[in-house]
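Trainee: Residues in the sequence shown are numbered from 2 upward in steps of one, following this note's numbering.
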Amino acid sequence: MTRPLSRRQALSAMLGGIFAFTARGAGGADLRGIYPIVQTPYTKDDAVDFKALEAEVRFLDKTGVHGIVWPQRASQYQYLSFEERIEGAERIAAANEGLRPKLVIGVQGPDAATAVRYAKHAQKLKPDAIIALPTRDKGEFDLDEVLAYYEEVAAACDLPLFVQTTGNMSVEFVLGMAERIPTLRYIKDEAGDPIERLEQFRKATKGKPPYPFTGSHGRTLYDEMLRGVWGNMPASSWVELYVDCWDHYHAGRHTEAIAALSKALMFVEQAVAYGFPALSYVLHLRGVFPEYGVRGGLRPLDDSAKKALRATYEFVKPSLRA
Numbered sequence: 002m003t004r005p006l007s008r009r010q011a012l013s014a015m016l017g018g019i020f021a022f023t024a025r026g027a028g029g030a031d032l033r034g035i036y037p038i039v040q041t042p043y044t045k046d047d048a049v050d051f052k053a054l055e056a057e058v059r060f061l062d063k064t065g066v067h068g069i070v071w072p073q074r075a076s077q078y079q080y081l082s083f084e085e086r087i088e089g090a091e092r093i094a095a096a097n098e099g100l101r102p103k104l105v106i107g108v109q110g111p112d113a114a115t116a117v118r119y120a121k122h123a124q125k126l127k128p129d130a131i132i133a134l135p136t137r138d139k140g141e142f143d144l145d146e147v148l149a150y151y152e153e154v155a156a157a158c159d160l161p162l163f164v165q166t167t168g169n170m171s172v173e174f175v176l177g178m179a180e181r182i183p184t185l186r187y188i189k190d191e192a193g194d195p196i197e198r199l200e201q202f203r204k205a206t207k208g209k210p211p212y213p214f215t216g217s218h219g220r221t222l223y224d225e226m227l228r229g230v231w232g233n234m235p236a237s238s239w240v241e242l243y244v245d246c247w248d249h250y251h252a253g254r255h256t257e258a259i260a261a262l263s264k265a266l267m268f269v270e271q272a273v274a275y276g277f278p279a280l281s282y283v284l285h286l287r288g289v290f291p292e293y294g295v296r297g298g299l300r301p302l303d304d305s306a307k308k309a310l311r312a313t314y315e316f317v318k319p320s321l322r323a
């Protein structure tokens with residue numbers, strides 16, 4: 002005969018179930034704030050510098066970020082081998098152990114089978130969530146194929162899922178996917194005008210999942226916070242400025258929030274002009290990256306670009322922490 006549970010045992014079992022349910026994102030909305038994309042450092046020989054990658058994780062913890070994400074566009078995921086992504090995810094998870102930021106691992110691939118392999122590996126690492134672009138990072142898509150792709154990824158891993166939108170992935174399409182994929186809790190929305198689409202998400206979801214994050218270097222972060230954005234995924238290089246904008250805004254200090262974002266936008270204009278090399282160079286200036294090369298045959302920074310980035314860095318340096 003089975004004995005009835007004591008009151009303490011029943012409460013413990015109930016709470017344990019709640020915590021397990023939330024840990025896998027089934028009902029939790031605890032991933033919120035500034036989640037920078039971790040940049041990938043390289044050695045002089047163009048190998049991934051895993052020691053510098055680990056150092057970047059510790060650096061980001063000191064900046065006060067709420068979470069970290071790797072590998073995505075700013076990480077140059079498309080130029081990383083399968084083996085580099087596996088080792089990088091493991092190194093980042095280990096380096097982030099015991100630190101404050103939440104961890105989101107990117108699992109997108111050129112096809113569903115590859116993305117499933119990444120998702121199954123992420124499951125073993127137990128990050129707080131996974132994130133995936135479609136099979137490429139821009140262009141028009143067959144939306145039935147996109148849905149099937151995300152269904153396969155979600156079936157391989159029970160962690161909360163961020164879907165990163167691009168191309169012709171409409172708000173209506175994303176909301177329809179969320180009805181079919183229980184773990185689809187969050188969106189990183191970069192498929193159109195963020196202000197207009199945030200309004201669409203807000204009216205449709207009414208504070209329920211999927212919760213919208215944005216990217217685009219946080220250009221309109223202040224306006225997005227007015228519209229209830231759940232978070233932003235900017236570059237890592239000057240991320241404290243976004244953190245300060247976010248924290249000041251949510252503490253009611255709106256003037257300070259605008260001041261912080263205005264400094265970030267000086268860097269953003271340079272990032273638009275010079276691309277990913279600018280992001281790595283600023284991390285080099287900050288002592289995080291020994292080198293600042295990137296992959297993909299991108300145009301290297303000339304002396305004038307470096308001079309401009311150094312001037313901006315010196316100007317905002319009093320507002321940086323790490």
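The C-beta atom is built at its ideal place from N, Cα and C for all residues, glycine as well.
For a test of the three-state rule: what should DSSP assign to Q165, helix, strand or coil?
Mentor: Stepping through the sequence shown from its first residue, residue 165 is reached at position 164. Assigned with DSSP and collapsed to three states, Q165 falls in strand.
Trainee: Alpha carbon to alpha carbon, how far is S76 from D190? Give it in angstroms, no decimals.
Mentor: Locating residue 190 in the sequence shown gives position 189, counting from the first residue. Locating residue 76 in the sequence shown gives position 75, counting from the first residue. Their backbone Cα atoms lie some 17 Å apart in a straight line.
Trainee: Our contact map puts I93 next to I131 with C-beta atoms below 8 Å; I'd like the distance itself, whole angstroms only.
Mentor: Against the sequence shown, residue 93 aligns to sequence position 92. Against the sequence shown, residue 131 aligns to sequence position 130. The pair is not a contact, with the Cβ atoms about 13 Å apart (cut-off 8 Å).
Trainee: V291 and D50: beta carbons closer than 8 Å?
Mentor: Taking the sequence shown and counting its residues from 1, one reaches residue 291 at position 290. Taking the sequence shown and counting its residues from 1, one reaches residue 50 at position 49. The identity of residue 291 in the sequence shown is Pro, whereas the question assumes Val. Yes, the pair counts as a contact, with Cβ atoms nearer than the cut-off.
Trainee: Can you list, in chain order, the residues of its chain with a C-beta nearer than 6 Å to that of L321? Leave out the 5 residues immediately preceding and following it.
Mentor: Here the question's residue 321 lines up with position 320 in the sequence shown. Around L321: E241.
Trainee: Go ahead and pull the three-state DSSP assignment for P213.
Mentor: Working through the sequence shown from its first residue, we reach residue 213 at position 212. The DSSP-derived three-state label of P213 is strand.
Trainee: I need the boundaries of the beta strand (DSSP E) containing V39, first residue and last residue.
Mentor: Counted from its first residue, the sequence shown places residue 39 at position 38. Run containing V39: none; DSSP gives neither H nor E here.
Trainee: For P301, count the other beta carbons within 10 Å of its own beta carbon; 16 or more makes it buried, fewer makes it exposed. Which is it?
Mentor: Numbered from 1 along the sequence shown, position 300 holds the residue referred to as residue 301. By the 16-neighbour rule on beta-carbons within 10 angstroms, P301 is exposed.
Trainee: So M170 and A155 are in contact, right, with Cβ under 8 Å, and what is the actual spacing, rounded?
Mentor: Start at 1 with the first residue of the sequence shown, and residue 170 comes out as number 169. Start at 1 with the first residue of the sequence shown, and residue 155 comes out as number 154. Going by Cβ atoms, the distance from M170 to A155 rounds to 16 Å, so no, they are not a contact pair.
Trainee: What did DSSP end up calling Q10 once you bin it into helix, strand or coil?
Mentor: Locating residue 10 in the sequence shown gives position 9, counting from the first residue. Any reading at Q10 must be qualified, since the residue scores a pLDDT of 38, below 50, and its modelled position is unreliable; the value itself is stated next. The answer is helix: DSSP assigns Q10 an H, G or I state.
Trainee: To the nearest angstrom, how far is it from the Cα of G68 to the Cα of A265?
Mentor: Locating residue 68 in the sequence shown gives position 67, where the first residue counts as 1. Locating residue 265 in the sequence shown gives position 264, where the first residue counts as 1. Their backbone Cα atoms lie some 18 Å apart in a straight line.
Trainee: Taking G177 as the reference, which of F202, A312, V39, I196 has the closest Cα?
Mentor: Residue 177 sits at position 176 when you count from the first residue of the sequence shown. The candidate whose alpha carbon is nearest that of G177 is F202.
Trainee: Do V58 and Y36 come within 8 Å of each other at the CB atom, strictly closer than that value?
Mentor: As a working mapping, residue 36 is identified with position 35 in the sequence shown. As a working mapping, residue 58 is identified with position 57 in the sequence shown. It is not a contact, given that the beta carbons lie outside the stated cut-off.
Trainee: List the endpoints of the continuous alpha helix (DSSP H) containing K307.
Mentor: For the purposes of this step, residue 307 is taken as residue 306 along the sequence shown, with counting starting at 1. Where K307 is concerned, the enclosing alpha helix (DSSP H) stretches over 304–317.
Trainee: On a Cα-Cα basis, can you pick out the residue from E98, A48, K52 that is closest to S82?
Mentor: Taking the first residue of the sequence shown as 1, we reach residue 82 at position 81. For S82, the nearest C-alpha among the options comes from A48.
Trainee: Quick one: is D245 buried, meaning 16 or more other Cβ sit within 10 Å of its Cβ, or exposed?
Mentor: For the purposes of this step, residue 245 is taken as the residue at position 244 of the sequence shown. Buried, because 16 or more other Cβ atoms sit within 10 Å of the Cβ of D245.
Trainee: What runs of the alpha helix (DSSP H), each 4 residues or longer, lie entirely inside the segment 199–273?
Mentor: 222–227, 240–251
Trainee: What is the DSSP secondary structure of K121, counted as helix, strand or coil?
Mentor: As a working note, residue 121 is residue 120 in the sequence shown. Helix, per DSSP.
Trainee: Classify K103 as buried or exposed, calling it buried when 16 or more other Cβ atoms lie within 10 Å of its own Cβ.
Mentor: As a working note, residue 103 is residue 102 in the sequence shown. By the neighbour-count rule (16 or more Cβ atoms within 10 Å), K103 is buried.
Trainee: Which two residues bound the contiguous alpha helix (DSSP H) that contains G89?
Mentor: Your numbering for residue 89 matches position 88 in the sequence shown. It spans 83–97 - the alpha helix (DSSP H) in which G89 sits, taken as one unbroken run.
Trainee: Using 8 Å for Cβ pairs, my map puts L310 next to A279. What's the rounded Cβ distance?
Mentor: Mapped onto the sequence shown, residue 310 falls at position 309. Mapped onto the sequence shown, residue 279 falls at position 278. Contact holds; Cβ gap of about 6 Å.
Trainee: With DSSP collapsed to three states, give me the class of G288.
Mentor: Counting from 1 along the sequence shown, the entry for residue 288 is found at position 287. Coil at G288, not helix or strand.
Trainee: Spatial neighbours of A27 within its chain, please: C-beta separation below 6 Å, excluding the five flanking residues on both sides.
Mentor: Here residue 27 refers to the residue found at position 26 when the sequence shown is read from its first residue. Caution is warranted here: a pLDDT of 40 is assigned to A27, below 50, making its placement in the model unreliable, and the coordinate value is therefore given only provisionally. Excluding sequence neighbours, A27 sits near nothing in its chain.
Trainee: What is the rounded straight-line gap between the Cα of I38 and the Cα of G216?
Mentor: Numbered from 1 along the sequence shown, position 37 holds the residue referred to as residue 38. Numbered from 1 along the sequence shown, position 215 holds the residue referred to as residue 216. So the alpha carbons of these two residues sit roughly 9 Å apart.
Trainee: Sorted by chain position, which residues of the same chain lie with C-beta nearer than 7 Å to A120's C-beta, five sequence neighbours on each side aside?
Mentor: Residue mapping note: residue 120 aligns to position 119 of the sequence shown, counting from 1. Here the set comprises V108, I131, V154, A157, C158.
Trainee: From A53 to P42, what does the alpha carbon distance come to, in whole angstroms?
Mentor: In the sequence shown, the residue the question calls residue 53 occupies position 52. In the sequence shown, the residue the question calls residue 42 occupies position 41. Answer to the nearest angstrom: the Cα atoms are 6 Å apart.
Trainee: Considering only C-alpha positions, which residue in the set H218, P213, A90 is nearest to R198?
Mentor: Your numbering for residue 198 matches position 197 in the sequence shown. That would be P213, whose Cα lies nearest to the Cα of R198.
Trainee: Look up Y80 in the DSSP assignment and say whether it is helix, strand or coil.
Mentor: As a working note, residue 80 is residue 79 in the sequence shown. It is helical.
Trainee: Output yes or no for whether 8 Å exceeds the beta carbon distance between R33 and G232.
Mentor: Walking along the sequence shown from the start, residue 33 turns up at place 32. Walking along the sequence shown from the start, residue 232 turns up at place 231. For R33 and G232, yes; Cβs fall inside 8 Å.
Trainee: Going along the chain, which residues of its own chain have a beta-carbon closer than 6 Å to the beta-carbon of H285, five neighbours each way excluded?
Mentor: On the sequence shown, residue 285 is found 284 positions in, with the first residue counted as 1. Excluding residues within five positions, the ones whose Cβ falls inside 6 Å are Y293.
Trainee: State the start and end residues of the unbroken beta strand (DSSP E) segment that holds R186.
Mentor: Taking the first residue of the sequence shown as position 1, residue 186 is located at position 185. Looking at the DSSP string, the run of the beta strand (DSSP E) that includes R186 is 185–190.
Trainee: Provide the residue(s) that pair with V58 in DSSP beta bridges, ordered along the chain.
Mentor: Here residue 58 is taken as the residue at index 57 of the sequence shown, counted from 1. Partner(s): none; V58 has no beta bridge.
Trainee: Using DSSP with H/G/I as helix, E/B as strand and the rest coil, what is L104?
Mentor: Start at 1 with the first residue of the sequence shown, and residue 104 comes out as number 103. L104 falls in the strand class under three-state DSSP.
Trainee: Which value, in whole angstroms, describes the spacing of the CA atoms of R228 and E257?
Mentor: In the sequence shown, residue 228 corresponds to position 227, counting from 1. In the sequence shown, residue 257 corresponds to position 256, counting from 1. Straight across, the Cα-Cα distance linking R228 with E257 is about 18 Å.
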